[in-house]
Amino acid sequence: MTATLFTLTFTVAAPFWALMILLPRWSWTARIISSPLIVLPVVVIYALLVLPAFGDVLPAVASPTLDGVRDLLGTSNGAAAGWAHMIAFDLFVGRWAWLDSRERGVPALVMAPVLVLTILLGPLGLAAYLAVRSRWRRSTVAAPEPQRLG
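Be aware that the sequence shown starts at 1, since it is given in the UniProt record's numbering, and climbs by one per residue.
1) Classify Leu72 as buried or exposed, calling it buried when 16 or more other Cβ atoms lie within 10 Å of its own Cβ.
2) Note down the Cα distance separating Ala47 from Trp17, rounded to an integer number of angstroms.
3) Using only alpha-carbon positions, find the residue among Pro15, Thr4, Leu66 that is nearest to Arg95.
4) Please classify Phe54 as buried or exposed, where buried requires at least 16 neighbouring CB atoms within 10 angstroms.
5) Between Leu130, Pro64, Ala81, Gly122, which lies nearest to residue 178 when the distance is taken from Cα to Cα?
6) When you compare only the Cα positions, how much space is there between Leu37 and Leu115?
7) Since residue 215 and Ile45 should fall inside the 8 Å C-beta cutoff, what is the C-beta to C-beta distance between them, to a whole number of angstroms?
8) Determine the burial state of Trp28: buried for a count of at least 16 other Cβ atoms within 10 Å of its Cβ, exposed for fewer.
9) Please state whether DSSP places Val50 in a helix, a strand or coil.
10) Could you tell me the distance, in whole angstroms, from the CA atom of Ala88 to the CA atom of Ile119?
11) Which residues bound the alpha helix (DSSP H) around Pro123?
12) In the structure shown, what three-state DSSP assignment does Trp26 receive?
13) Please confirm whether Val42 and Ala13 have their CB atoms less than 8 Å apart.
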């Protein structure tokens, strides 16, 4: 079952990445990606892997040591859970970057490599987006004048 869940983890996330990278201007992409629930399938997989081993996981994460984390991730279940953890957070970060880039008007051709980097090396993709976003200001809508009474 662990191998199946490992394989399923990226499989359930891949369509969302494909929408953001390959179909960024499709109206359904914005509708789908706007929901934070897109990460839920991966979170469910993570829960299926972690909850049965919660007694081993909690001590390793509550008071982490290098040896403890190595031992936890050094099993098939641990590696699959670690993978699901990474995929869930990478997808959430990619979703945030994609939505934020649309508000800022960052071109899709700029975002595509940033999103690919986020898929492959999550924190480096985040760093790349933080560098990219500093070049585009969020569009601002003028706030309405306060109404005066009297």
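Beta carbons are placed, not taken as given, at the ideal position from N, Cα and C, and that holds for glycine. A quick note: this is a predicted structure, and the numbers were derived from the prediction, not measured.
Per the coordinate set shown:
1) buried
2) 22 Å
3) Pro15
4) exposed
5) The chain is shown from 1 up to 150; residue 178 falls before or after that span and cannot be answered.
6) 19 Å
7) Given a span of 1 to 150 for the chain in the structure shown, any question on residue 215 remains unanswerable.
8) exposed
9) helix
10) 10 Å
11) 122-133
12) coil
13) yes
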